[in-house]
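Data first, discussion second: the structure below is written as structure tokens.
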Amino acid sequence: MESTLNNELIDFLNRAHNEYLATYEIKNILLENDFEEVKENEVWNLKPNSKYFLTRNDNSCIAFITPSKVRKNQLFFKIISSHLDSPCLKLKSNSIILDSSSNLEKHRIEVYGGLIRQSFVDRPLGLAGRVVVKTNNGIESRIFDSCKAIAIIPNVAIHQNREINDGFKYNPHVDLLPIVGGAETIEPLLDSYIKDKFKDVGEVLSYDLYFYNFDKAQHIGINDDFISGAKEDDLANAFLSLKALLETSRKEEDPSILVSAFFNNEETGSLSFSGADSDLLENTLKRIGLSFDLNEEEYLISLKKSFALSADNGHAVHPYHPELSDDINKCQLNKGPMIKFNSNMAYTSDALTSSFVISLCKKCGVKYQVFHNRSDQRGGSTLGNISISHLSILTCDIGLPQLAMHSSFETMGSEDTMMMLKLMSAFYQTNFRVDNGVIYI
14 MESTLNNELI
24 DFLNRAHNEY
34 LATYEIKNIL
44 LENDFEEVKE
54 NEVWNLKPNS
64 KYFLTRNDNS
74 CIAFITPSKV
84 RKNQLFFKII
94 SSHLDSPCLK
104 LKSNSIILDS
114 SSNLEKHRIE
124 VYGGLIRQSF
134 VDRPLGLAGR
144 VVVKTNNGIE
154 SRIFDSCKAI
164 AIIPNVAIHQ
174 NREINDGFKY
184 NPHVDLLPIV
194 GGAETIEPLL
204 DSYIKDKFKD
214 VGEVLSYDLY
224 FYNFDKAQHI
234 GINDDFISGA
244 KEDDLANAFL
254 SLKALLETSR
264 KEEDPSILVS
274 AFFNNEETGS
284 LSFSGADSDL
294 LENTLKRIGL
304 SFDLNEEEYL
314 ISLKKSFALS
324 ADNGHAVHPY
334 HPELSDDINK
344 CQLNKGPMIK
354 FNSNMAYTSD
364 ALTSSFVISL
374 CKKCGVKYQV
384 FHNRSDQRGG
394 STLGNISISH
404 LSILTCDIGL
414 PQLAMHSSFE
424 TMGSEDTMMM
434 LKLMSAFYQT
444 NFRVDNGVIY
454 I
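All letters in the sequence shown, in the order written, are residues 14 to 454 by our numbering.
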């Protein structure tokens, strides 16, 4: 079963090249599994024992399942949140540069998020995202994927830069300009390529397009110990939480709403129309409550009975630089999901919420690890603490250990995925109760 799960995950990684394609893939999976789409600008008529989802701005999604019987005084939410965006190179508007000295067509980019710049150099690059076109019906968004390597960013040869191995600082305005072909054509190659894809649809007005590493995600290692690929942070957790939601079989008396939230823009702080710092989750939960006739007080009570898992990857001990990790709390590949702590609340986990997750791990037989940054090192942040600034719900930050975070090609353990799926499934399936600082299981 583990190999089947990982093959499905790898297939997802090889299709979901950014948040737009990830949302598109998630939407199709939900539709195939009998989820009904609801829209934010329409009235919701939700029913018990039913499956729903919504998307926002083509790059975020929330899916949820209602209980068999809705008991207003017992209703609460089980939430797993993740994000769909990853650091990458975004194509600028009016990006073309026809370089006469090299006779090549190159394009300006913007760096999105905190990526490892060198990891995009000397790699085959695809282009994907959304294109906005003017059709007979109006202005519409369409998914775009080159489905082939159309660009590359070449290094300067060592003969021309003898110091490159001593540490070269890549200037994104100069050194990270993808080349797509020769510059002798009458019309720019990339513009023509994009427009030709939509010539039967309408006029291309604008786009949100990103270059991605075209190398395929795959098993790595003599015994397939690793999975390496693009955007494992955080598409791996997004896929696993979706899988857990689809496969959950719970008892009829469970009164909870099961929620999987997939946000955009975590890598840039989540402050966007469809990020965790928007009203997306807050409004969705409120409208679910309204659909089942909860008044404001009943809705607020339901939030205090709820629990959320913020699922975002963290750092495994690096094989060459173990000194970069905490010397006590060492997280390793294939040793189980990590529970993430930070005293300054970059992560939401505390003694209470982590104890609940530890209890779930023990219940379903999953190994777990504890993650802290070195005390003299500032780590990254995630979306859990941002979400609860809008919705004060007990939350614990978890993640898969990985190497080379924010590279164009990352690595995680092939055994950890099944353990994370078991943990997420146990969270959805367990009929627990939160009562003013006590969690009954």
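Just so you know, even glycine gets a beta-carbon here, dropped at the ideal spot from N, CA and C.
6 Å Cβ shell around residue i - same chain, five flanking residues per side excluded
i	result
residue 37	156
residue 338	330
residue 397	323, 361, 408 and 410
residue 289	276, 283, 396, 399 and 400
residue 319	89, 90 and 406
residue 346	329, 414 and 426
Span separating the alpha-carbon of residue i from that of residue j
i	j	result
residue 177	residue 132	14 Å
residue 152	residue 55	19 Å
residue 234	residue 95	28 Å
residue 375	residue 173	57 Å
residue 63	residue 266	15 Å
residue 208	residue 159	12 Å
residue 53	residue 32	19 Å
residue 342	residue 109	48 Å
residue 101	residue 222	10 Å
residue 80	residue 287	26 Å
residue 123	residue 29	20 Å
residue 191	residue 121	8 Å
residue 226	residue 237	21 Å
residue 381	residue 280	25 Å
residue 402	residue 293	13 Å
residue 229	residue 163	15 Å
residue 195	residue 118	6 Å
residue 231	residue 240	6 Å
residue 61	residue 301	11 Å
residue 437	residue 39	17 Å
residue 111	residue 193	11 Å
residue 249	residue 141	19 Å
residue 321	residue 440	9 Å
residue 394	residue 357	10 Å
residue 130	residue 273	31 Å
residue 242	residue 377	28 Å
residue 263	residue 304	22 Å
residue 206	residue 137	17 Å
residue 185	residue 168	13 Å
Three-state secondary structure (DSSP) of residue i
i	result
residue 285	coil
residue 369	helix
residue 424	strand
residue 446	strand
residue 43	helix
residue 107	strand
residue 207	helix
residue 435	helix
residue 49	strand
residue 181	coil
residue 81	coil
residue 23	helix
residue 18	helix
residue 35	helix
residue 158	strand
residue 453	strand
residue 404	coil
residue 376	helix
residue 198	coil
residue 392	coil
Cut-off 8 Å between Cβ atoms - residues of its own chain near residue i, not counting five sequence neighbours on either side
i	result
residue 197	116
residue 365	407, 450 and 452
residue 299	312
residue 125	98, 100, 101, 102, 103, 223, 280 and 281
residue 268	80, 82, 83, 84, 87, 88 and 89
residue 149	215
Cβ-based burial, residue i [other Cβ within 10 Å; buried from 16]
i	result
residue 390	exposed
residue 71	buried
residue 98	buried
residue 220	buried
residue 379	buried
residue 106	exposed
residue 430	buried
residue 175	exposed
residue 257	buried
residue 67	buried
Residue i: CB within 8 Å of a non-hydrogen atom of the ligand MG
i	result
residue 418	The ligand MG is absent from the structure shown, which contains no ligand whatsoever.
Beta-carbon contacts of residue i that lie in its chain and below 7 Å, excluding the five residues immediately before and after
i	result
residue 327	344, 351, 353, 384, 412 and 414
residue 211	144, 146, 155 and 217
Test: residue i CB closer than 9 Å to a CB of chain D
i	result
residue 75	The structure shown contains no chain D, having only a single protein chain.
Exercise. Which parts of the region 217-280 are runs of the beta strand (DSSP E), unbroken and 3 residues or longer, counting only runs that do not cross its ends?
Worked result: 231-233, 239-242 and 269-276
For this session: Can you check the region 281-364 for any beta strand (DSSP E) of at least 3 residues that lies completely inside it and give the ranges in chain order?
Result: 320-324 and 351-353
Exercise. What are the uninterrupted segments assigned as beta strand (DSSP E) that are 3 or more residues long and contained completely in the region 112-152, given in chain order?
Worked result: 117-125 and 138-148
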